[in-house]
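Trainee:
In the working numbering, the protein residues as written are 48 to 639.
(1) Determine the closest residue to residue 389 out of 451, 619 and 599, with distance taken between C-alpha atoms.
(2) Since residue 97 and residue 334 should fall inside the 8 Å C-beta cutoff, what is the C-beta to C-beta distance between them, to a whole number of angstroms?
(3) Could you check what DSSP says for residue 633 in three-state terms: helix, strand or coil?
(4) Report whether the distance from the Cβ of residue 608 to the nearest heavy atom of the ligand NAD is below 8 Å.
(5) Rank 208, 330 and 240 by C-alpha distance to the C-alpha of residue 289 and give the top, closest one.
(6) Please state whether the Cβ-Cβ distance between residue 220 and residue 317 is less than 9 Å.
(7) For the beta strand (DSSP E) that contains residue 612, what are its first and last residues?
(8) Of the residues 537, 82 and 60, which one's Cα is nearest the Cα of residue 567?
(9) Mapping DSSP to helix, strand and coil, what is residue 581?
(10) Pull up the distance between the alpha-carbon of residue 499 and that of residue 483, whole angstroms please.
(11) If distances are taken between C-alpha atoms only, which option among 518, 440, 419 and 369 comes closest to residue 155?
(12) In the DSSP assignment, the alpha helix (DSSP H) including residue 412 goes from what residue to what residue?
(13) Judging by CA-CA distance, which residue of 320, 148, 258 and 611 is the nearest neighbour of residue 214?
(14) Considering only their Cβ atoms, is the gap separating residue 429 from residue 602 smaller than 9 Å?
(15) Using the three-state DSSP reduction, which class does residue 548 fall into: helix, strand or coil?
(16) For the region 79-88 against the region 196-207, are there 3 or more C-beta pairs whose distance is under 8 Å?
(17) Given 8 Å as the limit, is there contact between the region 110-125 and the region 150-168, that is, 3 or more CB pairs closer than that?
(18) Quick check: what's the CA-CA separation for residue 233 versus residue 295?
(19) Closest by CA to residue 461, which one among 477, 478, 439 and 449?
(20) Exposed or buried, residue 62, counting other C-beta atoms within 10 Å across all chains shown (16 or more means buried)?
(21) With the cut-off set at 9 Å, would you say residue 574 and residue 504 are in Cβ contact?
(22) Which same chain residues, not among the five before or five after residue 446, have their C-beta less than 6 Å away from its C-beta?
(23) Can you round the beta-carbon distance between residue 598 and residue 425 to whole angstroms, since I take them to be within the 8 Å contact cut?
(24) Whole angstroms are fine: how far does the CA of residue 489 sit from the CA of residue 202?
(25) If we call anything under 9 Å between Cβ atoms a contact, is residue 486 one with residue 442?
(26) Go through the region 352-401 residue by residue and report every complete run of the beta strand (DSSP E) that reaches 3 residues or more, in order.
(27) Grab me the residues of residue 187's own chain with a C-beta within less than 8 Å of its C-beta, minus the 5 sequence neighbours each way, in chain order.
(28) Using a Cβ-Cβ cutoff of less than 6 Å, which residues in the same chain neighbour residue 209 once the five nearest sequence positions on both sides are dropped?
(29) Run through the DSSP bridge pairs and tell me what residue 607 is partnered with.
(30) Please report the Cβ distance between residue 349 and residue 190, rounded to the nearest whole angstrom; I am assuming they are in contact, meaning their Cβ atoms lie under 8 Å.
(31) Look at the alpha carbon of residue 532 and the alpha carbon of residue 565, and state the distance between them as a whole number of angstroms.
(32) Do you know whose CA, among 129, 95, 130 and 108, lies nearest residue 116's CA?
(33) Run through DSSP, which three-state label would residue 452 get?
(34) Apart from the five residues just before and just after residue 547, which ones in its own chain have a Cβ nearer than 7 Å to its Cβ?
(35) Determine the closest residue to residue 373 out of 79, 160 and 612, with distance taken between C-alpha atoms.
(36) According to DSSP, is residue 553 part of a helix, a strand, or is it coil?
Listed below in structure tokens is the structure:
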């Protein structure tokens with residue numbers, strides 16, 4: 048599971064969230080200027096009410112009462128217009144923050160190495176990119192605005208209350224400390240709880256995503272009830288945490304209301320006595336009660352917003368855990384673009400382990416000349432896939448070098464390297480897009496003629512044209528609407544269109560019928576022509592035609608050479624070959 052950096056405090060996380068407002072500083076300034084105007088208007092309203100009551104109603108001055116009423120109406124309209132622009136600008140800036148954060152996440156996820164994606168669940172990433180970013184968006188928009196607005200209104204209202212009657216003001220201020228303390232306690236409890244809720248939501252999303260992606264396997268093995276039970280268990284855990292959150296909030300809101308109501312009762316009792324005693328006018332008492340409502344409202348809002356701060360801090364912690372994740376495979380300082388390759392590949396005493404103290408590959412040394420076919424054989428877990436992943440720098444060697452035409456792969460830019468490598472894997476991945484878009488995925492600028500030519504060379508044009516919309520036919524998610532052979536031929540067309548110098552193949556004909564295998568073999572022959580090709584080999588014919596065969600055992604090359612050489616020098620290879628000869632269309636050895 049992706050872990051967060053616990054050394055970051057809530058303050059530093061929130062400050063970092065607010066840092067995304069920096070490009071929109073002018074609009075932010077406009078938002079807070081409108082906030083000052085709105086607060087100033089709110090502070091004037093009780094004085095207009097006092098004036099209307101004391102001088103208009105009690106003074107019997109009807110024109111003055113009319114003026115006070117019109118001023119209140121005009122001030123309300125002005126506040127409405129200013130509030131409109133404040134809300135509009137606030138939403139624009141916060142949406143821009145979400146836009147920038149999601150772009151940054153996608154760029155980071157694209158840059159992170161395979162090792163990150165190997166250990167990180169897709170559901171966790173989706174939750175952080177969508178829901179957690181949305182929480183940060185709300186924080187940088189309306190939430191922080193309400194906090195600042197509340198603080199300004201509290202200071203302004205307090206000053207006016209003391210100016211009007213310092214004794215009543217002191218009575219009002221007695222309720223402020225318990226309100227603030229209750230809000231603080233609420234946030235302190237809610238912060239870790241909100242993190243747990245968000246983390247569990249990520250687990251729930253992962254479970255759902257896996258169920259949807261593997262629905263055919265679930266149904267094939269009649270495991271619907273089992274998967275429903277697993278999802279229900281995760282859902283129950285999320286529900287229980289959410290219920291706990293509801294209980295915490297349900298206790299907090301009435302307590303805040305109780306404290307505020309105690310203050311209201313105190314003001315009404317003491318203020319009413321002052322009015323009866325002649326020390327305070329009725330208009331002043333009404334104004335005082337209005338200011339009390341203005342004072343209590345932002346404090347109560349802070350009680351609601353502090354949990355939002357807690358949630359946003361948790362969300363920021365989870366988002367920044369991705370943005371701060373180390374890029375284990377990245378361009379080295381001073382890395383240079385790799386020139387167009389001839390195709391010579393050298394492994395020079397290469398070691399690799401996902402953990403430095405547990406190597407998977409040990410002292411791999413061999414040379415592939417331009418245009419050669421390299422067959423890689425070995426047991427499951429022997430390191431075949433790891434070896435070919437090192438060529439494309441999906442992982443970095445822990446020791447040793449990989450040289451491409453004499454260039455150290457770690458001193459070249461990743462993009463210039465990977466643009467010269469084509470992949471055709473046994474488990475072909477297609478996107479939920481049109482056939483044309485899938486073929487042109489690695490070459491988005493390719494012309495229609497180039498796409499069609501690549502499809503023809505891959506023996507795919509005929510079945511594409513038989514589809515309802517030809518090249519515009521959309522394939523299902525992961526290409527589920529196509530057969531295995533059709534997906535393989537589209538994968539070959541995609542590789543052909545990029546015109547790579549190196550090819551990596553994972554026995555692309557392992558799971559197709561003989562007629563489809565013949566079509567794929569014809570396409571592969573065109574694809575391999577003049578290119579250095581690495582094949583994870585399982586088939587008799589592929590191995591015999593290879594220029595170099597690497598036999599892997601437990602991450603070590605125990606034998607290498609051509610077919611005839613290995614027959615003469617390797618007893619294990621002899622055994623494999625004999626079993627292959629007996630069953631040419633079946634797995635040839637329990638190790639393979």
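Ideal Cβ placement from N, Cα and C applies to all residues, glycine included.
Mentor: The relevant details are as follows:
(1) As a working mapping, residue 389 is identified with position 342 in the chain shown. Looking at the Cα atoms, 451 is the closest of the given residues.
(2) Within the chain shown, the letter at position 50 stands for residue 97. Within the chain shown, the letter at position 287 stands for residue 334. About 4 Å; that satisfies the 8 Å criterion.
(3) Position 586 of the chain shown, counting from 1, holds the residue named residue 633. Any reading at residue 633 is ruled out, since the residue's pLDDT is 48, under 50, leaving its predicted position unreliable.
(4) The model depicted lacks the ligand NAD and carries no ligand whatsoever.
(5) As a working mapping, residue 289 is identified with position 242 in the chain shown. Checking every option, the nearest Cα to that of residue 289 belongs to 240.
(6) Looking up residue 220 in the chain shown gives position 173. Looking up residue 317 in the chain shown gives position 270. No, these two residues do not count as a Cβ contact at 9 Å.
(7) Position 565 of the chain shown holds residue 612. Premise fails: residue 612 lies in the alpha helix (DSSP H), 610-616, not in any beta strand (DSSP E).
(8) Along the chain shown, read from residue 1 onward, the residue named residue 567 stands at position 520. Answer by Cα proximity: 537.
(9) Along the chain shown, read from residue 1 onward, the residue named residue 581 stands at position 534. Three-state DSSP puts residue 581 in a strand.
(10) Numbered from its first residue, the chain shown carries residue 499 at position 452. Numbered from its first residue, the chain shown carries residue 483 at position 436. The straight-line gap from Cα to Cα measures roughly 9 Å.
(11) As a first step, residue 155 is located in the chain shown; it is residue number 108 there, counting from the start. Cα-wise, what sits closest to residue 155 is 369.
(12) The count along the chain shown starts at 1 and reaches residue 412 at position 365. Run containing residue 412: none in the alpha helix (DSSP H); it sits in the beta strand (DSSP E), 408-415.
(13) Numbered from its first residue, the chain shown carries residue 214 at position 167. Nearest of 320, 148, 258 and 611 to residue 214, Cα basis: 320.
(14) Mapped onto the chain shown, residue 602 falls at position 555. Mapped onto the chain shown, residue 429 falls at position 382. Yes; because the gap between Cβ atoms is below 9 Å, this pair is in contact.
(15) What you label residue 548 is simply residue 501 of the chain shown in a count that begins at 1. If DSSP states are grouped into helix, strand and coil, residue 548 belongs with coil.
(16) yes
(17) no
(18) Counting from one through the chain shown, the residue named residue 233 turns up at place 186. Counting from one through the chain shown, the residue named residue 295 turns up at place 248. Cα-Cα distance, rounded: 8 Å.
(19) Taking the chain shown and counting its residues from 1, one reaches residue 461 at position 414. Of the candidates 477, 478, 439 and 449, the one whose C-alpha sits nearest the C-alpha of residue 461 is 439.
(20) Sequence index remark: in the chain shown, residue 62 carries index 15 (1-based). By the neighbour-count rule (16 or more Cβ atoms within 10 Å), residue 62 is not buried but exposed.
(21) Residue mapping note: residue 574 aligns to position 527 of the chain shown, counting from 1. Residue mapping note: residue 504 aligns to position 457 of the chain shown, counting from 1. Cβ atoms of residue 574 and residue 504: closer than 9 Å.
(22) What you label residue 446 is simply residue 399 of the chain shown in a count that begins at 1. Contacts found: 398.
(23) Start at 1 with the first residue of the chain shown, and residue 598 comes out as number 551. Start at 1 with the first residue of the chain shown, and residue 425 comes out as number 378. With 8 Å as the limit, residue 598 and residue 425 qualify as a contact, their Cβ atoms being about 6 Å apart.
(24) Counted from its first residue, the chain shown places residue 202 at position 155. Counted from its first residue, the chain shown places residue 489 at position 442. Going by the C-alpha atoms only, they are around 60 Å apart.
(25) Counting from one through the chain shown, the residue named residue 486 turns up at place 439. Counting from one through the chain shown, the residue named residue 442 turns up at place 395. No.
(26) 392-399
(27) As a position in the chain shown, residue 187 is number 140, starting the count at 1. Around residue 187: 64, 65, 67, 68, 140, 141 and 144.
(28) Within the chain shown, numbered from 1, the residue matching residue 209 stands at position 162. Correct list, in chain order: 216.
(29) Mapped onto the chain shown, residue 607 falls at position 560. According to DSSP, residue 607 bridges with 597.
(30) Taking the first residue of the chain shown as 1, we reach residue 349 at position 302. Taking the first residue of the chain shown as 1, we reach residue 190 at position 143. With 8 Å as the limit, residue 349 and residue 190 do not qualify as a contact, their Cβ atoms being about 10 Å apart.
(31) Indexing the chain shown from 1 puts residue 532 at position 485. Indexing the chain shown from 1 puts residue 565 at position 518. Cα to Cα, residue 532 sits roughly 10 Å from residue 565.
(32) Here residue 116 is taken as the residue at index 69 of the chain shown, counted from 1. Ranking the options by Cα distance to residue 116, first place goes to 95.
(33) Counting from one through the chain shown, the residue named residue 452 turns up at place 405. DSSP places residue 452 in coil when its eight states are reduced to three.
(34) One-based indexing of the chain shown puts residue 547 at position 500. Here the set comprises 467, 468, 469 and 578.
(35) Residue 373 sits at position 326 when you count from the first residue of the chain shown. When each option's Cα is compared against that of residue 373, the closest is 160.
(36) Locating residue 553 in the chain shown gives position 506, counting from the first residue. In the structure shown, residue 553 sits in a strand (DSSP, three-state: E or B).
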